[in-house]
Every structure is written in C-alpha cells, then in structure tokens.
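Peer 1:
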Amino acid sequence: MAGKTPSQVSQWLFSQLAGLFPDWLKSLFFGTPAATILRFSENAKRISGEKGMLVAPAGLLEENAEEPKPFRKKIVDIVLPQSCFLKRVITAPKTARHNLHNLAELDMVRQTPFRTDMVFWSLSRPEMEDNRVKVAQWILKRTDTNAIRKRLKRAGLEVRRIFVEGEKLQNPIADFSAEIVPHAKHWRLVNAMLVFLGITIASFIWLFPAWQNSGILDRLQQENARLQSQAVDMRQNVEVLRQKENERAAFLDMIYMRPRLSDILRNLTVALGDNVWVSDLNYSPKRVVFSGEVSGSAAQLVLLLAKRREFNNPRLTGPVSRTGSGAERFEITLDPQGVQ
Numbered sequence: 008m009a010g011k012t013p014s015q016v017s018q019w020l021f022s023q024l025a026g027l028f029p030d031w032l033k034s035l036f037f038g039t040p041a042a043t044i045l046r047f048s049e050n051a052k053r054i055s056g057e058k059g060m061l062v063a064p065a066g067l068l069e070e071n072a073e074e075p076k077p078f079r080k081k082i083v084d085i086v087l088p089q090s091c092f093l094k095r096v097i098t099a100p101k102t103a104r105h106n107l108h109n110l111a112e113l114d115m116v117r118q119t120p121f122r123t124d125m126v127f128w129s130l131s132r133p134e135m136e137d138n139r140v141k142v143a144q145w146i147l148k149r150t151d152t153n154a155i156r157k158r159l160k161r162a163g164l165e166v167r168r169i170f171v172e173g174e175k176l177q178n179p180i181a182d183f184s185a186e187i188v189p190h191a192k193h194w195r196l197v198n199a200m201l202v203f204l205g206i207t208i209a210s211f212i213w214l215f216p217a218w219q220n221s222g223i224l225d226r227l228q229q230e231n232a233r234l235q236s237q238a239v240d241m242r243q244n245v246e247v248l249r250q251k252e253n254e255r256a257a258f259l260d261m262i263y264m265r266p267r268l269s270d271i272l273r274n275l276t277v278a279l280g281d282n283v284w285v286s287d288l289n290y291s292p293k294r295v296v297f298s299g300e301v302s303g304s305a306a307q308l309v310l311l312l313a314k315r316r317e318f319n320n321p322r323l324t325g326p327v328s329r330t331g332s333g334a335e336r337f338e339i340t341l342d343p344q345g346v347q
C-alpha cells in the first residue's frame, strides 16, 4: 500500500459498492479495469488458464527467472505466496482499533528499516483477544514488486492488484488501476453525470403526471372555492327572496283578510235607504267614518246598521244637528274588521 491512501471508510464503502456489480459492469461504470486472478504454482511449467483463472510458474517470482513465454495480453490480479512478504504482528489496546492503519505505519517506520516510500503494505482483518486487538501487517518491497510486474508484462500480463495467498486483507497490497486506466476518475465522473441525468429524466417522467395533476387539482380547488362562494351568495339571495316572499304573502293575506273599500261602499249602499245622503267617507285600517244627512232620525239609522251583519259596532261619534229642511246631520263610525 502506498504511503498516501484514502480513508478506511471510503475504501470500505467503495469496495462494498464495487462488490455488488460484476467485473464488466465495474469496468464500464467505475472505470476499473476487469482482471483475471493469477496464482503461482510449483507444478506449472508455463502460464495457462485453469478454472476461470491463470496459473503461472512460481519461478517467475525469483530474481534470475527465465524469460516467460509470451501470453495473450491480459490484466491480472496476482496472488503471491506468503513467502514473498514480510509479516509483522501488531497488538494494540482495544480503543486503538479505529487507528490501526496509522499505528501500523508508525510501528513499521520505527521497528524496521523500511520507509513508506520503499514498500507496499496492507493489514489483515483484526482479531480481538480480551481487551487487545491483533492485526497482521504484510509488507512487500517496491523493488520486488516492480521486478515481478516487469517480468509478467513481458509475458503480456499487466498487474492490476496484488494480494496475499490465504489471507483476507482489508485492502490489496498494491493497486495499479490508476496506471492502467489513468482517466478512470473522469470516466466515473461522466458516468455519474449520466446516471444522475438518467435518474433526473426518470424522476421527471414519473413525477410529470403528478405535477400536471397538481395544476388541474389547483384549478379544481379554485373552481370549488368559487362555487362555494357563489353558493353562499345564492343562499343569501334565496334568504332575501324568501323574506320578500313572506312579506308579500303577509301583505296579500292582509289585503284578502281585511275588508276592502269597495266592499264597504257596496254594503253601505245596500244598507242605507234613499232617505240618506252621504257627503264624506274616511277609510283607515282601524275605522270607517262617514257623515251625511238623513230625513228621519240619525239614532234610528244607527240601530238599522247595527241589525245588519255586515257592520260591527256602528255608533254616532259626532253631534247630531237638524237642517233647515228638517233632516238630521250625523257622523257615524264603523269598525272595518266587521265589514264583510
């Protein structure tokens, strides 16, 4: 592992996300070159394919190894035997488990002749023992790494990552993906923008009917509010019309239930004889007052009117006087409620 690496959290997140996709999809989207596993065996005589992986002679790892026979060009992740590495076991308090990377780097610089720019290294998965944490540090010299890469490259194999055989590491010992695909970051950025654009378009297509319906809903709500306001106004108008109708009905009832002037005149004309002359008649809702002359007795005229059902409570309300011709001048009042 190089001296400057991403944080453990970002590495773990990237590895988890990358592990969800097949190699060809990772190569397409993340810009990570697809690679084949390459292992080394003492029994192998040449580089060959076996069960979906490649097997190479273990002699290629030695300094004075013979020139390998050319193989078709391929990107590989090599799994080196543990004998190629320097293994160191580091123990630390349980509270330091989140800073194992920095602790291992500092311990390596202090306890070994190696500097961070001289080696690649990685940590195995930590193990807990009582209140302490134990982790193995696997160290590979850069000079050895470069020599192995050159020998494999002459055979047509480009090394992407390096792992330790039989050991589960937190991260690869070395990762040369950036050298193989130098523009991977730009590729990931472009793909991320395309994915974001696709999600945006899909979201727009999915939400457009709802957005369109929201406009229709707003218009319907406005129309509903307008109709409700109109209904309130119409209800008020109906109440006003109903009140007017009630007043009109009451007025008509008053007209039909109360005696009319024409009826009063008709009844008086029938009731009064030819010896009676009416000079004045005043009509009001409460009384009818008429005055005139009678050739006979005014009191007898009142008694005559009292005998008829058309009139109620006829009475003399003014002085009775006699004229030069012998007739009596009178003023008689009737209650209109009794006029029929």
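Numbering (my numbering), first residue to last: 8 to 347. In this text, a Cβ means the ideal position worked out from N, Cα and C, and glycines have one as well.
Going by beta carbon distance, what residues of the same chain come within less than 7 Å of Pro75, once the five residues before and after it are set aside?
Peer 2: Around Pro75: Ile54, Leu67, Arg158, Arg161, Ala162.
Peer 1: Measuring straight from C-alpha to C-alpha, what distance separates His108 and Ala143?
Peer 2: Cα-Cα distance, rounded: 11 Å.
Peer 1: Would you give the residue range spanned by the beta strand (DSSP E) that Ser286 belongs to?
Peer 2: Residues 283-290.
Peer 1: I need the straight-line Cα distance from Ala238 to Gly222, nearest angstrom please.
Peer 2: Going from the Cα of Ala238 to the Cα of Gly222 covers about 24 Å.
Peer 1: In this structure, how does DSSP classify Arg233 when only helix, strand and coil are distinguished?
Peer 2: DSSP places Arg233 in helix when its eight states are reduced to three.
Peer 1: To the nearest angstrom, how far is the alpha carbon of Arg156 from that of Glu165?
Peer 2: Those two C-alpha atoms are separated by around 7 Å.
Peer 1: Give me the DSSP bridge partner(s) of Gly56.
Peer 2: Leu61, per the DSSP bridge assignment.
Peer 1: Quick check: Asn93 and Leu130, are their CB atoms within less than 8 Å of each other?
Peer 2: Note that residue 93 is Leu in the sequence shown, not Asn. Contact flag unset, no.
Peer 1: Keeping to the same chain, check which residues put their C-beta closer than 7 Å to that of Phe121; ignore five residues upstream and five downstream.
Peer 2: Excluding sequence neighbours, Phe121 sits near Met115, Ile146.
Peer 1: If you count every other CB in all the chains shown that lies within 10 Å of the CB of Ala313, and 16 or more means buried, which is it?
Peer 2: The residue in question, Ala313, is exposed, as its Cβ has fewer than 16 Cβ neighbours within 10 Å.
Peer 1: Helix or strand or just coil, what does DSSP make of Gly205?
Peer 2: Helix, per DSSP.
Peer 1: For Thr327, does the count of other Cβ atoms within 10 angstroms reach 16, so buried, or fall short, so exposed?
Peer 2: Looking at the sequence itself, residue 327 is Val, so the reference to Thr does not match. When all chains shown are included, Val327 counts as exposed.
Peer 1: Relative to the C-alpha of Phe297, which candidate in Pro321, Glu230, Ala181 has its C-alpha closest?
Peer 2: Minimum Cα distance to Phe297 is reached at Pro321.
Peer 1: Between which two residues does the beta strand (DSSP E) harbouring Met135 extend?
Peer 2: It spans 134-136 - the beta strand (DSSP E) in which Met135 sits, taken as one unbroken run.
Peer 1: Over what stretch of residues does the beta strand (DSSP E) that includes Thr43 continue unbroken?
Peer 2: It spans 43-48 - the beta strand (DSSP E) in which Thr43 sits, taken as one unbroken run.
Peer 1: Using DSSP bridges, identify the partner residues of Gly299.
Peer 2: DSSP, once it has assigned bridges, lists Val285, Phe337 as partnering Gly299.
Peer 1: Evaluate contact between the region 297-307 and the region 269-283, counting only Cβ atoms and requiring at least three cross-stretch pairs below 8 Å.
Peer 2: Touching, yes.
Peer 1: Which term fits Trp218, buried or exposed, when burial requires 16 or more other beta carbons within 10 angstroms of its beta carbon?
Peer 2: Exposed, by the Cβ-count rule.
Peer 1: Please identify the residue among Pro40, Ala41, Leu61 whose C-alpha is closest to the C-alpha of Phe47.
Peer 2: For the residues Pro40, Ala41, Leu61, the minimum Cα distance to Phe47 belongs to Leu61.
Peer 1: Name the DSSP beta bridge partners of Phe170, please?
Peer 2: According to DSSP, which records beta bridges pairwise, Phe170 is partnered with Val86.
Peer 1: Out of Leu323, Ser291, Leu196, Ala51, which has the shortest C-alpha to C-alpha gap to Ala306?
Peer 2: The shortest Cα separation from Ala306 among Leu323, Ser291, Leu196, Ala51 belongs to Leu323.
Peer 1: Ala181: buried (16+ other C-beta within 10 angstroms of its C-beta) or exposed?
Peer 2: Flag for Ala181 reads buried.
Peer 1: Glu335 and Arg2 - do their beta-carbons sit closer together than 8 Å?
Peer 2: Beyond the ends of the chain as shown, which are 8 and 347, falls residue 2; an answer cannot be given.
Peer 1: What number of angstroms, rounded off, separates the C-alpha of Val126 from the C-alpha of Arg149?
Peer 2: When rounded, the distance between both Cα atoms is 5 Å.
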